[in-house]
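Asker: Structure provided below as structure tokens; questions to follow.
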Amino acid sequence: LLEDSRRAVWAGSNRGLAVFHAGRWHPVAMPADDDEITSLFEDRRGRLWVATPRHLFVRASEQSPFVPVAGPEGITAIVEDIDGSLWVAAADALLTQIRESAGPGSPPAPDLRLASQPSQAGRVTSAIRDAHGNLWLGTARGGLFRVTDPSRGAPVVDRVTESQGPASVGVYALLEDKDKDIWIATQ
């Protein structure tokens, strides 16, 4: 679920995308045959991002259609860093920066692996940016990860251990409250 900056509520499910308007849900047609929605995100520019198992789409404005954007398959979470760069987490615990304006000959976007073996972390289940600019990623089997300075050339990936935070290795939701405390929902 996502409430956008215009106060519209969006829902993604294994049956597609819908928006709540005028007291009822309205299905939204996507430009591909994927029905399952794996992640929804609104960036600071008000653009709506939608991930499916095989595609990533963006809608620039309320009147614009969804258009495909190059990205990895299997996106499970989308988050924006403090510099406005968009990062997507794929099912194999890989964090990839999306570079919309990269042209031919541009250097590839950096990828960050959360664990040396993807099976150690499992899929990324949730992602947030905190008030300090850190990215926090919850995983199904690897617990909680913090990425510091994600767009500054030398990001650092740290796994938060059980003694430091979550009481379980399965993290399913993250929230930063107004006091800048990070809340973690686990198994």
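Here my numbering is used: the first residue of the sequence shown is -16, the next is one more, and so on.
Cβ atoms here follow ideal geometry from the backbone N, Cα and C, with glycine treated the same way.
If you're wondering where the values come from, they're calculated on a predicted model, not measured in any experiment.
Applying the criterion that 16 or more other CB atoms from any shown protein chain within 10 Å of the CB defines a buried residue, is W119 buried or exposed?
Answerer: As a first step, residue 119 must be located in the sequence shown, where it is residue number 136. W119 is buried by the Cβ-count criterion.
Asker: Report, in whole angstroms, the separation of the C-beta atoms of A15 and T35, which I expect to be a contact under 8 angstroms.
Answerer: As a position in the sequence shown, residue 15 is number 32, starting the count at 1. As a position in the sequence shown, residue 35 is number 52, starting the count at 1. About 7 angstroms separates the two Cβ atoms, so the contact holds.
Asker: For I165, collect the residues of the same chain with a Cβ closer than 7 angstroms to its Cβ; drop the 5 residues on either side in sequence, then sort them by chain order.
Answerer: Against the sequence shown, residue 165 aligns to sequence position 182. Here the set comprises D113, W119, L157, E159.
Asker: Would D17 and H38 qualify as a contact pair, given that the criterion is a beta-carbon distance under 7 angstroms?
Answerer: Mapped onto the sequence shown, residue 17 falls at position 34. Mapped onto the sequence shown, residue 38 falls at position 55. In this structure, H38 lies closer than 7 angstroms to D17 by Cβ.
Asker: Report buried or exposed for S(-12), applying the criterion of at least 16 other Cβ atoms within 10 angstroms of its Cβ.
Answerer: Mapped onto the sequence shown, residue -12 falls at position 5. That one is exposed.
Asker: My guess is that A72 and A60 are in contact by the Cβ rule of under 8 angstroms, so how many angstroms apart are they, rounded?
Answerer: Residue numbering aside, residue 72 sits at position 89 when the sequence shown is read from its first letter. Residue numbering aside, residue 60 sits at position 77 when the sequence shown is read from its first letter. Correct: roughly 4 angstroms between the Cβ atoms.
Asker: Below 7 angstroms CB to CB, which residues in the same chain sit around G67 once its five sequence neighbours on both sides are set aside?
Answerer: Along the sequence shown, one-based indexing puts residue 67 at 84. Once the five neighbours on either side are set aside, the close Cβ partners of G67 are R27.
Asker: Going by alpha carbons, who is nearest to D162 out of V154, T79, H115, P10?
Answerer: Walking along the sequence shown from the start, residue 162 turns up at place 179. Here the closest residue by C-alpha is H115.
Asker: Taking just the CA atoms, how far does G126 sit from T21?
Answerer: Along the sequence shown, read from residue 1 onward, the residue named residue 21 stands at position 38. Along the sequence shown, read from residue 1 onward, the residue named residue 126 stands at position 143. One C-alpha to the other measures close to 20 angstroms.
Asker: If you check the beta carbons only, do R129 and V152 fall under 7 angstroms apart?
Answerer: Working through the sequence shown from its first residue, we reach residue 129 at position 146. Working through the sequence shown from its first residue, we reach residue 152 at position 169. In this structure, V152 does not lie closer than 7 angstroms to R129 by Cβ.
Asker: For the beta strand (DSSP E) holding S22, just list the boundary residues, first then last.
Answerer: Residue 22 sits at position 39 when you count from the first residue of the sequence shown. Note, S22: beta strand (DSSP E), 22 to 25.
Asker: Provide the residue(s) that pair with I65 in DSSP beta bridges, ordered along the chain.
Answerer: Indexing the sequence shown from 1 puts residue 65 at position 82. In DSSP, I65 forms no bridge with anything.
Asker: Give the secondary structure of V152 by DSSP, where H, G and I count as helix, E and B as strand, and everything else as coil.
Answerer: In the sequence shown, residue 152 corresponds to position 169, counting from 1. In the structure shown, V152 sits in coil (DSSP, three-state: anything other than H, G, I, E or B).
Asker: Do you know whose CA, among E45, T131, V41, V33, lies nearest A(-9)'s CA?
Answerer: Counting from one through the sequence shown, the residue named residue -9 turns up at place 8. Checked all of E45, T131, V41, V33; the closest Cα to A(-9) is E45.
Asker: Output the boundary residues of the beta strand (DSSP E) element that contains F128.
Answerer: Against the sequence shown, residue 128 aligns to sequence position 145. 126 to 131 is the extent of the beta strand (DSSP E) around F128.
Asker: Keeping to the same chain, check which residues put their C-beta closer than 6 angstroms to that of L31; ignore five residues upstream and five downstream.
Answerer: Here residue 31 is taken as the residue at index 48 of the sequence shown, counted from 1. Cβ neighbours of L31 beyond the five flanking positions: E25, R42.
Asker: So what's E45 in DSSP terms, helix, strand or just coil?
Answerer: Here the question's residue 45 lines up with position 62 in the sequence shown. Reduced to three states, the DSSP call for E45 is coil.
Asker: Identify which residue in I65, T122, G105, V143 has its Cα closest to the Cα of R135.
Answerer: Along the sequence shown, read from residue 1 onward, the residue named residue 135 stands at position 152. Of I65, T122, G105, V143, the residue nearest in Cα terms is I65.
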